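A.B. asks:
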Amino acid sequence: MKTEIALNSTVCTPVTDAEGEQSFVMGTLISLNSRMAHVQTADGVVKVGKTKIDLVAAPKTEDEDKPKIDRIADDYEYTQTRSASGRISCDNADDVAQTLRGNTLDRNYNLVANTIGQSAPALMARYAHLNPGQQRMCLGNLLRGWIRKQNKEA
8 MKTEIALNST VCTPVTDAEG EQSFVMGTLI SLNSRMAHVQ TADGVVKVGK TKIDLVAAPK
68 TEDEDKPKID RIADDYEYTQ TRSASGRISC DNADDVAQTL RGNTLDRNYN LVANTIGQSA
128 PALMARYAHL NPGQQRMCLG NLLRGWIRKQ NKEA
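Here the numbering used here is used: the first residue of the sequence shown is 8, the next is one more, and so on.
In structure tokens, the structure reads:
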């Protein structure tokens, strides 16, 4: 049985800017109901679907044995970063995230395409229906999968 993420927890949530670029921001969970959550960020309050938030750190409580969390905080270790547009974002700080961090989307397409041996236009066509943040996420996942496959073959 899942329990709720506690109010005042530090969470990471997706946001989309005016140009359609998706990034992730960290903030404090200020309200939560069965479908929606409100997160206080540096830029203001963000309204987001309850399933879209990820717990970064539970609030300190007197009863540390039973923190109210939806997911295990240790599974998600986020690092606050800046996207290519300059917005505050967050990633998991693994080698792939550090490689793609701060680059433009075109540069990331070229980098991933050269690494995995595909053409950048083919990758762009594959993910053209997604917004920029989702494209970046898919490129990162594609590169992680390729690295994992190379390590298994070695």
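All C-beta atoms, glycine included, are put in the ideal place defined by N, C-alpha and C.
As the structure is a computational prediction, the values presented were derived from the model and not from experiment.
How would you call VAL22, buried or exposed, if buried means at least 16 neighbouring beta carbons within 10 angstroms?
C.D. replies: buried
A.B. asks: Output the distance between the C-alpha atoms of ALA163 and LEU107, rounded to the nearest integer angstrom.
C.D. replies: The displayed coordinates of the chain run from 8 to 161. Any statement about residue 163 would go beyond what the structure contains.
A.B. asks: Hey, LEU176 and LYS57 are a contact pair by Cβ (cut 8 angstroms); roughly how many whole angstroms apart?
C.D. replies: Limits of the chain in this structure are 8 at one end and 161 at the other, which puts residue 176 out of reach.
A.B. asks: Using DSSP with H/G/I as helix, E/B as strand and the rest coil, what is ARG78?
C.D. replies: Low local confidence applies: a pLDDT of 47 at ARG78 is under 50, so the model's placement there is unreliable, with the coordinate-based value given in what follows. Coil at ARG78, not helix or strand.
A.B. asks: Answer yes or no: do SER90 and SER30 have a C-beta to C-beta separation smaller than 9 angstroms?
C.D. replies: yes
A.B. asks: List the residues that DSSP assigns as beta-bridge partners of ASP61.
C.D. replies: Answer is CYS19.
A.B. asks: Considering just the uninterrupted stretch of the alpha helix (DSSP H) at ILE37, what are its terminal residues?
C.D. replies: Counting along the chain, no alpha helix (DSSP H) covers ILE37; the unbroken beta strand (DSSP E) around it starts and ends at 29 to 39.
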